[in-house]
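Residue numbers (my numbering): 485 to 906.
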């Protein structure tokens with residue numbers, strides 16, 4: 485007897501490889517997905533009775549292919565599918581498919597599937613939704629809740645994405661080295677966006693928090709396909725190092741706890757150790773990229789036993805490297821936080837004030853600006869910045885965190901007008 489929980493886990497683990505192989509065979513995303521779903525239903529019915537197959541991926545590809553062929557035949561001349569007993573005991577056919585899967589460039593199949601989900605014609609929110617539905621196999625209900633929309637709206641979003649893909653299909657030939665590298669970067673960005681979606685709202689939304697787990701699972705798959713790519717190592721390391729702190733990000737009342745105030749005993753030690761090991765392995769390739777540098781910053785935080793032990797000078801230097809690799813006002817804003825710890829709030833505020841035009845609609849910009857003004861004793865300026873941040877807050881927890889700063893303003897004397905204007 486096969487445990488149902490094991491079957492569910494096996495189907496989820498096999499989904500990317502089996503679905504991508506079916507996609508190569510049928511060259512149609514809907515047909516491949518329907519074939520995989522039918523094969524999964526047959527697995528649920530037959531595996532508890534006959535036991536698990538020798539190779540779950542090969543079994544699902546074999547059965548899914550027959551199901552897909554039968555679906556096509558039914559529209560022509562009603563040729564029947566082989567019997568359930570035949571499909572449940574694939575014998576040498578399963579072994580033959582397993583051998584061909586092992587010998588083929590199956591990583592190109594999976595990369596193609598991931599790349600289809602992050603088709604350049606699709607906006608990022610549709611890319612993420614499609615990847616979570618097609619590659620990860622998450623239920624529509626869960627994806628809709630994670631994005632704070634109704635199931636009907638999410639179904640329409642995914643349907644529109646599929647329609648765009650059908651209108652402008654991705655080539656099915658195996659990508660050459662240059663195209664593979666380009667596709668890999670696009671896939672990595674999509675996975676990074678999935679993780680950020682979960683990380684930014686996961687502290688107040690359990691459904692969004694699960695996106696972090698899915699992003700990590702899919703990035704592990706990508707690293708297995710490309711085990712020597714330092715940026716994929718860096719991406720996985722970054723996710724692990726960030727996600728390791730999830731239990732410490734909220735207090736008992738559900739309020740956000742800043743990194744420096746978190747109880748580090750709640751951090752996930754094995755996850756941190758794995759993330760740091762990946763960072764070190766990636767950096768040994770001496771080909772630094774944005775994910776590696778961000779992971780190196782997170783690793784610096786993870787090494788400090790106490791917030792006071794953080795090497796802010798090293799973090800500031802890493803942010804300077806990141807600014808060169810990926811010039812961005814958001815990167816500079818993050819560097820300003822490190823600069824405030826290394827050289828004081830005045831130096832940091834001078835850097836932050838240069839970003840006002842570009843980041844005026846960004847919640848964190850006004851939160852950082854208000855915090856720096858508060859440290860410098862400018863109560864009026866801090867109040868204005870915090871009020872602006874509350875207006876831009878993306879969740880009740882973010883707004884509540886800023887209100888705590890506003891409550892502290894009653895104990896901070898205002899600077900004279902001449903000084904507060906500087």
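All residues carry an ideal CB built from backbone N, CA and C; glycine is no exception.
Bridge-paired residues (DSSP) for residue i
i	result
residue 750	BP columns for residue 750 are empty, so no partner.
residue 740	734
Alpha-carbon spacing of residue i relative to residue j, whole angstroms
i	j	result
residue 617	residue 500	11 Å
residue 645	residue 515	16 Å
residue 783	residue 835	24 Å
residue 562	residue 595	With a pLDDT of 49 at residue 562, under the threshold of 50, the modelled position of this residue cannot be trusted, and the question is left open.
residue 671	residue 812	21 Å
residue 753	residue 490	27 Å
residue 620	residue 781	29 Å
residue 548	residue 517	9 Å
residue 497	residue 829	48 Å
residue 507	residue 692	29 Å
residue 821	residue 831	10 Å
residue 770	residue 777	12 Å
residue 801	residue 789	21 Å
residue 806	residue 527	48 Å
residue 552	residue 626	27 Å
residue 889	residue 667	44 Å
residue 798	residue 742	20 Å
residue 725	residue 718	10 Å
residue 612	residue 697	14 Å
residue 791	residue 487	45 Å
residue 907	residue 774	The shown model of the chain, from 485 to 906, leaves out residue 907, and the question about it has no answer.
residue 846	residue 695	23 Å
residue 679	residue 720	10 Å
residue 684	residue 546	40 Å
residue 640	residue 614	11 Å
residue 714	residue 767	7 Å
residue 519	residue 557	13 Å
residue 707	residue 597	15 Å
Buried or exposed (CB count within 10 angstroms, at least 16 for buried), residue i
i	result
residue 737	exposed
residue 712	exposed
residue 853	buried
residue 756	buried
residue 643	exposed
residue 772	buried
residue 878	exposed
residue 636	exposed
residue 862	buried
residue 786	buried
residue 608	exposed
residue 735	exposed
residue 650	exposed
residue 535	exposed
residue 759	buried
residue 525	exposed
residue 453	This structure leaves residue 453 out entirely; the chain is present only between 485 and 906.
residue 699	buried
residue 690	exposed
residue 652	exposed
residue 593	buried
residue 493	exposed
residue 674	buried
residue 762	buried
residue 866	buried
residue 632	exposed
Boundaries of the alpha helix (DSSP H) in which residue i is found, first to last residue
i	result
residue 803	796-809
residue 609	608-618
residue 825	813-827
residue 500	488-510
residue 870	863-876
residue 778	774-787
residue 633	Counting along the chain, residue 633 falls outside any alpha helix (DSSP H), and DSSP gives it neither H nor E.
residue 713	No alpha helix (DSSP H) holds residue 713; DSSP gives it neither H nor E.
residue 853	847-859
residue 529	513-534
residue 622	Per DSSP, residue 622 belongs to no alpha helix (DSSP H) and is neither H nor E.
residue 843	840-843
Any chain D beta carbon closer than 8 Å to residue i
i	result
residue 532	This model lacks chain D altogether, as it is built from one protein chain only.
Residue i: CB within 7 Å of a non-hydrogen atom of the ligand NAD
i	result
residue 511	Judged by which ligands are present, the structure shown has none, so any question about the ligand NAD falls away.
Can you find at least 3 beta carbon pairs, one from the stretch 500-514 and one from the stretch 538-545, that sit closer than 8 Å?
yes
State whether the stretch 838-857 contacts the stretch 799-816, with contact taken as three or more CB pairs (one from each stretch) at a distance under 8 Å.
yes
Whether or not the stretch 715-734 and the stretch 746-756 are in contact is what I'm after, with contact meaning three or more pairs of Cβ atoms, one per stretch, closer than 8 Å; do they touch?
yes
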